[in-house]
Amino acid sequence: MAKLKCDHCKLGFDESAMIHCEDGHKFCCNGCKQVFYLLQENGLEEFYTRLGKNTLNPAKTREISKNETEAIYENFVRQNADGFNEIFIIIEGIHCSACVWLNEKVLFNSKGVIEANINATTNKAKIVWDENETNLAEIFSKIKSIGYEPYPYDPNRSETRINSKRREFYAKLIVGIFSVMNIMWIAVALYGGYFSGMDAATKDILHFGEFILATPVLFYTGSVFFKGAFFAIKNRTPNMDLLIATGSGIVYIYSVYAMLARNGEVYFDSVAMIITFVFIGKYLEILSKKRATDKLDNFSNTIIGAVLVKNEKGGFINKKADEISIGDEILLNEGAKVLIDGCVISGNASFDYASINGESVPVSVQAGDEIKSGAICMQGSVVYRASANFKNSLLSKIIDLLENAPLKKPQIERMANEISGIFSIVILTLAALTFFIWLYFGSFDKALITAVSVIIIACPCALGLATPVATLVGLGAGLKEKILFKEAKTIENIAKCDTIVFDKTGTLTNGKLKVNKSKFLIDFDISLLDSLLKASNHPISKAVNEFLNFKGENLKISNIRNFPAKGISANFGNIKISGGSAKFMRELGIKNVEHLDTSEYFFAINGKLAAIFELSDSIKNDAKSSVSELEKLGFEIFMLSGDNENAVKKIANEIGIKNYESGVLPDKKAKFVQNLSKRNKFVIMVGDGVNDAPALSLANVGICLGSGADISMEKSDVVLLTDDLTSLVCAIKIAKKSFKKVKENLIFSLCYNAITIPLACLGFIIPLYAAISMSFSSLIVVLNSLRLKNFRR
Numbered sequence: 002m003a004k005l006k007c008d009h010c011k012l013g014f015d016e017s018a019m020i021h022c023e024d025g026h027k028f029c030c031n032g033c034k035q036v037f038y039l040l041q042e043n044g045l046e047e048f049y050t051r052l053g054k055n056t057l058n059p060a061k062t063r064e065i066s067k068n069e070t071e072a073i074y075e076n077f078v079r080q081n082a083d084g085f086n087e088i089f090i091i092i093e094g095i096h097c098s099a100c101v102w103l104n105e106k107v108l109f110n111s112k113g114v115i116e117a118n119i120n121a122t123t124n125k126a127k128i129v130w131d132e133n134e135t136n137l138a139e140i141f142s143k144i145k146s147i148g149y150e151p152y153p154y155d156p157n158r159s160e161t162r163i164n165s166k167r168r169e170f171y172a173k174l175i176v177g178i179f180s181v182m183n184i185m186w187i188a189v190a191l192y193g194g195y196f197s198g199m200d201a202a203t204k205d206i207l208h209f210g211e212f213i214l215a216t217p218v219l220f221y222t223g224s225v226f227f228k229g230a231f232f233a234i235k236n237r238t239p240n241m242d243l244l245i246a247t248g249s250g251i252v253y254i255y256s257v258y259a260m261l262a263r264n265g266e267v268y269f270d271s272v273a274m275i276i277t278f279v280f281i282g283k284y285l286e287i288l289s290k291k292r293a294t295d296k297l298d299n300f301s302n303t304i305i306g307a308v309l310v311k312n313e314k315g316g317f318i319n320k321k322a323d324e325i326s327i328g329d330e331i332l333l334n335e336g337a338k339v340l341i342d343g344c345v346i347s348g349n350a351s352f353d354y355a356s357i358n359g360e361s362v363p364v365s366v367q368a369g370d371e372i373k374s375g376a377i378c379m380q381g382s383v384v385y386r387a388s389a390n391f392k393n394s395l396l397s398k399i400i401d402l403l404e405n406a407p408l409k410k411p412q413i414e415r416m417a418n419e420i421s422g423i424f425s426i427v428i429l430t431l432a433a434l435t436f437f438i439w440l441y442f443g444s445f446d447k448a449l450i451t452a453v454s455v456i457i458i459a460c461p462c463a464l465g466l467a468t469p470v471a472t473l474v475g476l477g478a479g480l481k482e483k484i485l486f487k488e489a490k491t492i493e494n495i496a497k498c499d500t501i502v503f504d505k506t507g508t509l510t511n512g513k514l515k516v517n518k519s520k521f522l523i524d525f526d527i528s529l530l531d532s533l534l535k536a537s538n539h540p541i542s543k544a545v546n547e548f549l550n551f552k553g554e555n556l557k558i559s560n561i562r563n564f565p566a567k568g569i570s571a572n573f574g575n576i577k578i579s580g581g582s583a584k585f586m587r588e589l590g591i592k593n594v595e596h597l598d599t600s601e602y603f604f605a606i607n608g609k610l611a612a613i614f615e616l617s618d619s620i621k622n623d624a625k626s627s628v629s630e631l632e633k634l635g636f637e638i639f640m641l642s643g644d645n646e647n648a649v650k651k652i653a654n655e656i657g658i659k660n661y662e663s664g665v666l667p668d669k670k671a672k673f674v675q676n677l678s679k680r681n682k683f684v685i686m687v688g689d690g691v692n693d694a695p696a697l698s699l700a701n702v703g704i705c706l707g708s709g710a711d712i713s714m715e716k717s718d719v720v721l722l723t724d725d726l727t728s729l730v731c732a733i734k735i736a737k738k739s740f741k742k743v744k745e746n747l748i749f750s751l752c753y754n755a756i757t758i759p760l761a762c763l764g765f766i767i768p769l770y771a772a773i774s775m776s777f778s779s780l781i782v783v784l785n786s787l788r789l790k791n792f793r794r
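Under this note's numbering, the first residue of the sequence shown carries the number 2, and numbering increases by one thereafter.
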């Protein structure tokens, strides 16, 4: 029966099984037929051009049930900061870049889908959509309709897959080592016979024994290289696997010919040793990279267990963390981990915050105190009220930063990957030239072995590993020091920066202002001032409010208007009340108001000054030493603040900062950072408040202190989980050392190839030594990067 190819999946089927259409198209099943015409209707025929000679699995169509959809929404769908739904999924059936292109194209053309990014290596996709315009069932149906199978990304399933892969590696490693150990004894006998004499029949038997041992090594242990080489050819991206598969395959084929023809030498021992040594190197490389990610994995795999929540009857029942609502009362007993942020209602206990801020000293809490998720109850028991749900609690935010933030490739890594792609083609071309040159001047055997040595000794792998392993270890070292780099590219960006801009309050200072002096100029109802103070979240307003300690009733003030970095105004009936800086008072038309030497707060009633408060803030203990160390590292330091000039100047002089500006509004902070960038400065912005968010987003690198406002954490590139400035210095040092390792690795890999490839071309290196040195070059790059794990402040 004649075989025909399906017009969609390109697989061959018997003509009797084919579905013939009136327009002449032929399909193996209804699934392929539906997908083909769907792509045609949507103008996506380009997919088949991109697919080329590749084949697909026949398209399957299976509708997702209502119960499945509900379960996925409950367990895997999250809502992002913009109010859109997002999910991470695995798309089965992706074989090549054409598959990635098709899925992204179809998803982006779907109504309501805002973002669709697919990782071609892992088949993991992030999809963001507007639930008002589409839903998950429709999105999954779109993916299924073009012949692919989506399912939610489950870390536990991924861990199972990793363990399965590890067992497979062990089995292949055992086969390789067993065969090599035995083939070495045969090789010793053959080499001995070469010098002492051996009859042809014995030699043939030993050759056949080597063939039996080398074959499973090449096709079982070496299957990982052949699979990698297949996809390299398929996607037109030559890599190390292609070089190894080509070199060992050529030697094996030649050895089989020499064995059967009884003409020339066999090199089965070289085949087995090349595959085994490179495989060992690859295995050790995977183990090393796994150790580098352990810190990240351990943190993100925080056990999300049950929470004891008070029910209607007054007892406590177990609930999942993501089922907790704001206002729920939660019981924490000794040894329990805090999973939800909240405020203590009753009880006393001490908490260990080491996993969050690195502070080893337990913190005692009682009624009225706040507790943050991630802490562990060491002694005692408390009942507290949830102030956030799980998704908005500190622990969840940190895990999100680790798991879901895109690790975009640094510029230097993209450059190295481009070199690696060209490198493999150059090596294959060079090996071919070497073969023909040696063939012209010498024997076929020598030409073949020399060309294979060239192919095997070249190491694009070391070049490709130079950046990702170093940055990965840098991310782990940062986490160990309670520093979260949101993206791998941030490490490179920090290393290139030469300027640091600091916010003042809460960043360089403790942010806890205290009233030093107060002066009441007229008699007035204190509740007016108290009500105005409570309408503002500004640290100065809070400090004055704390100083007054007013216990009376709050007034219902209206027409409340906040003026950033200036002050606040409101009305109580016909009475207009205002509070803020001297500049703000003058803008309101109040005369004879002079700046104080410290932070200030002026209060006015109906345009008449009523009270004056002088406040001061203390600098952080490590501010002066940290700024000094940053200057030694070559940074130019600036300080910006919305405070008055005298207060800012005083703090700047105490810390030792020469460049500072006062009275800077949020938009001016952002413009200041922009102007520095225009002067070819690479800027790090360090802040902790809402007013820092615009500047943080515009800087080359935005760094936020862990106590900072939520919006600042979202807009920043690095989050310091501790509030001390030594963490900032530590983050910069880690970034610089990581980038230094990247450059060391690149220099080593380029020098290695520059030295060894010419030696191989000249015939000084046999394939076995080439395989060993190539494996060692990759391991040296990995081990050099792992030295970052021992980083100390």
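Don't be surprised by glycine CBs; every beta carbon is placed ideally from N, CA and C. From a predicted model like this one, the values you see are computed outputs, not experimental measurements.
Run through the DSSP bridge pairs and tell me what P759 is partnered with. The beta-bridge partner set that DSSP reports for P759 is empty.
task: Please classify G369: is it buried, with 16 or more other beta-carbons within 10 angstroms of its beta-carbon, or exposed?
output: Exposure of G369 is indicated by the presence of fewer than 16 other C-beta atoms within 10 angstroms of its C-beta.
- Item | Same chain only: Cβ atoms within 7 Å of A653, ignoring 5 sequence neighbours per side | Shown here for A653: same chain residues with a beta carbon closer than 7 Å to its own, the five before and five after excluded, namely M640 and Y661 in chain order.
Q.
Considering Cα atoms alone, identify which of N86, V730, S786 and V36 is closest to K625.
A. Comparing Cα-Cα distances from K625 to each of N86, V730, S786 and V36, the minimum goes to V730.
**Item:** Cβ-based neighbour list, I527, same chain, cut-off 6 Å, excluding 5 preceding and 5 following
**Value:** Counting only Cβ-Cβ distances below 6 Å, and skipping sequence neighbours, we find F551.
Assigned secondary structure, L556 (DSSP; H/G/I helix, E/B strand, else coil)
Residue state for L556 is assigned as coil, using DSSP reduced to three classes.
Would DSSP call D504 helix, strand or coil? Note: D504 maps to strand in three-state DSSP.
Measure the beta-carbon distance from T508 to L784 and round it to whole angstroms, keeping in mind my assumption that it falls under 8 Å. Actually they do not touch by this definition, with Cβ atoms about 38 Å apart.
Per DSSP, A571 is paired with what?
I578, per the DSSP bridge assignment.
### Task
Using three-state DSSP, classify A459 as helix, strand or coil.
Reduced to three states, the DSSP call for A459 is coil.
_Euclidean distance between Cα positions of R788 and L476_ = Using only the alpha carbons, I get a separation of about 13 Å.
Report task. Return the bridge partner residues of E745 from the DSSP annotation. Result -> DSSP, once it has assigned bridges, lists no residue as partnering E745.
I'd like the list of long-range same chain contacts for R79, defined as Cβ closer than 6 Å, with 5 residues on each side in sequence excluded. Residues of the same chain with a CB within less than 6 Å of the CB of R79, apart from the 5 flanking positions on each side, are E87 in chain order.
- On the three-state DSSP scale, how would you describe T451? Looking at T451 - three-state DSSP - the assignment turns out to be helix.
Kindly indicate the opening and closing residues of the beta strand (DSSP E) around D353. Its beta strand (DSSP E) spans residues G343 to D353.
Review point. Exposed or buried, what is D644 when buried is set at 16 or more other beta-carbons lying within 10 Å of its beta-carbon?
Key: Residue burial is scored here from C-beta neighbours: D644 has at least 16 other C-beta atoms within 10 angstroms and is therefore classed as buried.
*With DSSP collapsed to three states, give me the class of Y154.*
Of the three classes helix, strand and coil, the one that applies to Y154 here is coil, per DSSP.
**OP:** Taking A387 as part of the alpha helix (DSSP H), name the residues at either end of that continuous run.
**Re:** Per DSSP, A387 belongs to no alpha helix (DSSP H); it is in the beta strand (DSSP E), I377 to A387.
Whole-angstrom distance between E632 and L726, CA atom to CA atom
Rounded to the nearest angstrom, the two C-alpha atoms are 14 Å apart.
Notebook entry, point to check: In its own chain, which residues sit with a C-beta less than 6 Å from the C-beta of K6, not counting the 5 before and 5 after it?
Noted result: Here the set comprises G13.
By Cβ distance, which residues of its chain are closer than 6 Å to R587, with the 5 residues on each side in sequence left out? The residues are V594.
**Item:** CA-to-CA distance, I318 to L677, given in whole angstroms
**Value:** Distance between the alpha carbons of L677 and I318: 56 Å.
Check: What are the start and end residues of the alpha helix (DSSP H) that includes M586?
Finding: For M586, the enclosing alpha helix (DSSP H) stretches over residues A583 to E588.
- Could you please give the first and the last residue of the uninterrupted alpha helix (DSSP H) stretch that includes V628? It spans A624 to K633 - the alpha helix (DSSP H) in which V628 sits, taken as one unbroken run.
Note to self: Which of the three DSSP states is assigned to Y602 in this structure?
What the structure shows: Three-state DSSP puts Y602 in a strand.
*If we count the other Cβ atoms within 10 Å of its Cβ and call it buried at 16 or more, is V145 buried or exposed?*
In the sequence on display, residue 145 carries Lys and not Val. The residue is buried, with at least 16 neighbouring Cβ atoms inside 10 Å.
- Item | Nearest-angstrom Cα separation, counted from G703 out to K686 | For the sequence presented, residue 686 should be read as Met rather than Lys. If you take the alpha carbons of M686 and G703, they lie about 5 Å apart.
Would you mind reading off the limits of the beta strand (DSSP E) that contains L485? Segment I484 to F486, the beta strand (DSSP E) holding L485.
- Would you call A732 buried or exposed, if buried means 16 or more other Cβ atoms sit within 10 Å of its Cβ? So A732 ends up on the buried side.
Note to self: Tell me the DSSP secondary structure of Y149 in three-state form.
What the structure shows: In the structure shown, Y149 sits in coil (DSSP, three-state: anything other than H, G, I, E or B).
Q. If we count the other Cβ atoms within 10 Å of its Cβ and call it buried at 16 or more, is G248 buried or exposed?
A. Classification of G248: buried, given that the 10 Å Cβ count is 16 or more.
Give every residue of the same chain whose Cβ lies closer than 6 Å to the Cβ of L108, excluding the five residues on either side of it in the sequence, and list them in chain order. Only V114 and A117 meet the Cβ criterion.
*Secondary structure of V78, DSSP reduced to three states*: Per DSSP, reduced to three states, the secondary structure at V78 is coil, with no helix or strand assignment.
- prompt: With contact counted as at least three CB pairs below 8 Å, one residue from each stretch, are the region 333 to 343 and the region 373 to 386 in contact?
  reply: At 8 Å Cβ cutoff, the stretches touch.
Checklist line | C-alpha distance - I140 paired with K27, whole-angstrom precision | finding: Per the coordinates, the alpha-carbon of I140 lies some 28 Å from the alpha-carbon of K27.
For F231, count neighbouring Cβ atoms within 10 angstroms of its own Cβ and tell me buried if that reaches 16, exposed if not.
-> Exposed.
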